[in-house]
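Okay, structure first, notes after.
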Amino acid sequence: KLEEQIQLYRSRFGFLPHKVLADRIYLNKNNCQYMESKGIVPTGKRLGRPPKQEKTEAELKEMHQRNEVEGTFGTVKMRYGAARIRTRLPETT
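Residue numbers (this note's numbering): 4 to 96.
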């Protein structure tokens with residue numbers, strides 16, 4: 004699904020994005036390999052055990068950008084009632 008979204012971005016704007024801010028579920032091994040093969044920087048919370056070291060300035064900046072996106076999702080859910088959607092796909096039932 005992420006590959007489709009990246010291709011839709013390309014068809015709309017004429018070029019691939021420089022980086023993709025994504026939730027943890029989209030940062031799986033296959034998606035990361037796909038993005039790296041296209042020269043796209045995958046950003047988001049990494050899979051696996053969190054590191055013991057302090058976060059760098061760049062990681063804090065990325066975290067701030069992700070928080071802005073999450074706030075927009077929350078607003079859309081409240082404004083348009085997306086939180087009330089209880090539909091399932093036939094293949095997931």
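Cβ coordinates follow ideal geometry from the N, Cα and C atoms, glycine included. What you are looking at is a predicted structure, and each value in this text was computed from that prediction instead of being measured.
Three-state secondary structure assigned by DSSP to residue i
i, result
"Thr78", "helix"
"Gln56", "coil"
"Leu63", "helix"
"Arg104", "Residue 104 cannot be examined here, being either before or after the span of the chain that is shown, 4 to 96."
Buried versus exposed call for residue i [16 or more other C-beta atoms within 10 Å across all chains shown]
i, result
"Ala25", "buried"
"Asn3", "Outside the shown range of the chain, which is 4 to 96, sits residue 3, and nothing can be said about it."
"Met38", "buried"
"Gly47", "buried"
"Val79", "exposed"
Unbroken beta strand (DSSP E) run spanning residue i, endpoints
i, result
"Leu24", "Lys22 to Leu24"
"Pro90", "At residue 90 the sequence reads Thr, which differs from the Pro that was named. Counting along the chain, Thr90 falls outside any beta strand (DSSP E), and DSSP gives it neither H nor E."
"Thr46", "Val44 to Thr46"
Extent of the continuous alpha helix (DSSP H) to which residue i belongs
i, result
"Lys32", "Lys32 to Ser40"
"Glu7", "Leu5 to Phe16"
Short CB-CB distance (under 8 Å) between residue i and chain D
i, result
"Leu63", "You won't find chain D in this structure, because it holds only one protein chain."
Meets three-Cβ-pair contact criterion under 8 Å: the segment 72-88 and the segment 29-36: no
Just checking, does the segment 18-25 make contact with the segment 35-54 on the three C-beta pairs under 8 Å criterion? yes
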